[in-house]
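Per the numbering used here, the very first residue in the first sequence carries number 38; after that it's consecutive. From the three backbone atoms N, C-alpha and C, an ideal C-beta is built for every residue, glycine too. Single-structure report; data block below.
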Amino acid sequence: MDRRFFFRKEERLSGLKPVQRLFTEKTGSIFIYPLRVNFLLHQDEDAPPLRVLLLASKKRFRRANVRNRVKRVLREVYRKNSHDLREALTSKNKKIDLSISFVGEKDMGSHEVEQIFLSIAERLMKSLD
RNA sequence: CAGGCAGAACGGCUUGUCGCUCGUGUGAAACAGAACGGGAGGAAAGUCCGGGCAACAAAGAGCGCCAUGCUUCCUAACGGGAAGGGUUCGUCAUCCGGCGAAUACAGACAGUGCCACAGAAAACAAACCGCCUUGUAGCUUUUGCUGCGGGGUAAGGGUGAAAAGGCGGGGUAAGAGCCCACCGCUUUUCCGGCGACGGAAUUGGCAGGGUAAACCUCAUGGGUUGAAAGACCAAAUAGGCCUUACCGGUGGAAACACCGCGGAGCUGCUCGUUCCGAUGUAAGGUGGGUAGGUUGAUGGAGGCUUUCGGCAACGGAGGUCCCAGAUAAAUGACAGGCUAUCGCGGAACGUGUUCCAAGAGAAACAGAACCCGGCUUAUGAUUCUGCUUUUUUU
């Protein structure tokens, strides 16, 4: 039980080009309401095994404070549950970029979102093979 | 008691676990970990004004356009603020006046436009009815009445949001600032005030409608853009520019041929042989510039506090503090406790207060994005102050 939960700057997907590459060349996507996940397997030298982009669209959440809250929920869920995925990636020597968008209407309970994220992560790990 | 308006304060605290970001320090350096310290708001919002800052050639002038519009003051500046003045409205008061609210509050003898409907007439005034007077015809004993005309008249009626000072008296044929008193206005002077303006006297018998949030005139201010500004570093790829190397001889006008030279292939090597050797190729350099990064960028018209000046806005002096700096964008999640507050229910006094109290329990608007000063808008089961309105009960 010596798991460490973290989500640092390096693991954030940023910059114009990587983001564009993720959406134009994506290897697949998984959608379970209220989360949509796009992912891209790649072999970049410098990148960490897992990079992620959290999205809450301005169109859906007009107020900045609401957007912030949704993103925080996403980040917290990711932080707590990304450990297994990261382990799997390093053991299989693969690298992946992710985008997680929240497309629900209102902000839901974090427990609910957590369950959905877990099932998405499971499917992701299966699709690695 | 309830509502409204204005102003001020607050916008939870705390423990544990897991995290984020910046800084310090450790370290040769990088990464990670551990340690310590900082980490959203009163509006961070709207982007409506004003300024700093930056670029644009000069940042000047003219035209245009836009904004502002009682006075004085405050301020870096403002369309903001303070203190006043005028006007209008409400309310209290017998009056003088007090209190409160609103105020886009320069100019309508510079010019142009507009003023519906109603009304006789709506702007160098106007005569519908009425009133007075008069000519004429008729009637009548006469006073007079009626019809058709002329003249006078703005007191009365009627229309209108508004009818050319108001009201009273004199005067008159009837009327009229025609004359007079008071009120209002105009001229001039004096007094008070820095000034807006106020007060007093005097003068003219009375100027001449409203609308400038219609154009316009006058005064004052504004160059434009906006941190996605701007400055710097700059990978890869493509292209630009520069330098160097890429041969020499003979013949020939040239193509080219021959001999040697260099490179590549055939081969392990040599010989030999084939191909190539200048609008191109290779190497090096260089400037622009994209991704990306650094900076701009957080010490400032700074906060808190004491004191002095000022009615106040605010200013001077002293002390003290350093207080977010992210960038696909940090300041969070979970669990527990506490408090403000609400409170099922109960008790006491003596009928709306106090006390006890199961339980609920921080819920609103909202997230810095270069920085300041304002304005506006959003917001609460919070607290206080002032003003005001309505209802009920006594």
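Inset, instruction - Can you grab the Cα-Cα spacing for the pair R73 / V140, in whole Å? - result: One-based indexing of the first sequence puts residue 73 at position 36. One-based indexing of the first sequence puts residue 140 at position 103. In a straight line, the C-alpha of R73 is about 7 angstroms away from that of V140.
Legend entry - Neighbourhood of I67 by C-beta distance below 6 angstroms, restricted to the same chain and skipping five residues each side: As a working mapping, residue 67 is identified with position 30 in the first sequence. Hits under 6 angstroms: V74, I157, R160.
Legend entry - Alpha-carbon spacing of N20 relative to L59, whole angstroms: Residue numbering for the chain in the displayed model covers 38 to 166; residue 20 lies beyond these limits and cannot be assessed.
Legend entry - Neighbourhood of R40 by C-beta, 8 angstroms cutoff - its chain only, sequence neighbours within 5 removed: Here residue 40 corresponds to residue number 3 of the first sequence, with the count starting at 1. Unreliable positioning characterises R40 in this predicted model, as indicated by a pLDDT of 40, which lies under 50. A coordinate reading is not provided.
Inset, instruction - Compare the C-alpha of S147 against each of L111, M162, R123 and name the closest. - result: Position 110 of the first sequence, counted from the start, is the residue given in the question as residue 147. When only C-alpha atoms are compared, the closest one is L111.
Inset, instruction - Provide the residue span of the beta strand (DSSP E) that contains R73, from first to last. - result: Residue numbering aside, residue 73 sits at position 36 when the first sequence is read from its first letter. Residues 72-79.
Inset, instruction - Determine, using beta carbons only, whether I153 and V89 come nearer to each other than 8 angstroms. - result: What you label residue 153 is simply residue 116 of the first sequence in a count that begins at 1. What you label residue 89 is simply residue 52 of the first sequence in a count that begins at 1. Contact flag unset, no.
Inset, instruction - Can you grab the Cα-Cα spacing for the pair S94 / S128, in whole Å? - result: As a position in the first sequence, residue 94 is number 57, starting the count at 1. As a position in the first sequence, residue 128 is number 91, starting the count at 1. When rounded, the distance between both Cα atoms is 34 angstroms.
Inset, instruction - Would you identify the three-state DSSP class for V103, choosing helix, strand or coil? - result: Here residue 103 is taken as the residue at index 66 of the first sequence, counted from 1. In the structure shown, V103 adopts helical secondary structure according to DSSP, grouped into three states.
Legend entry - Residues of its chain near K108, where Cβ-Cβ distance is below 6 angstroms and the 5 sequence neighbours each way are ignored: As a first step, residue 108 is located in the first sequence; it is residue number 71 there, counting from the start. So the qualifying residues of the chain are L91, A93.
Inset, instruction - Please list, in chain order, all residues of the same chain as R104 whose beta carbon is under 6 angstroms from its beta carbon, the five residues on each side excluded. - result: Translated into the one-based positions of the first sequence, residue 104 becomes position 67. Here the set comprises A93, F98.
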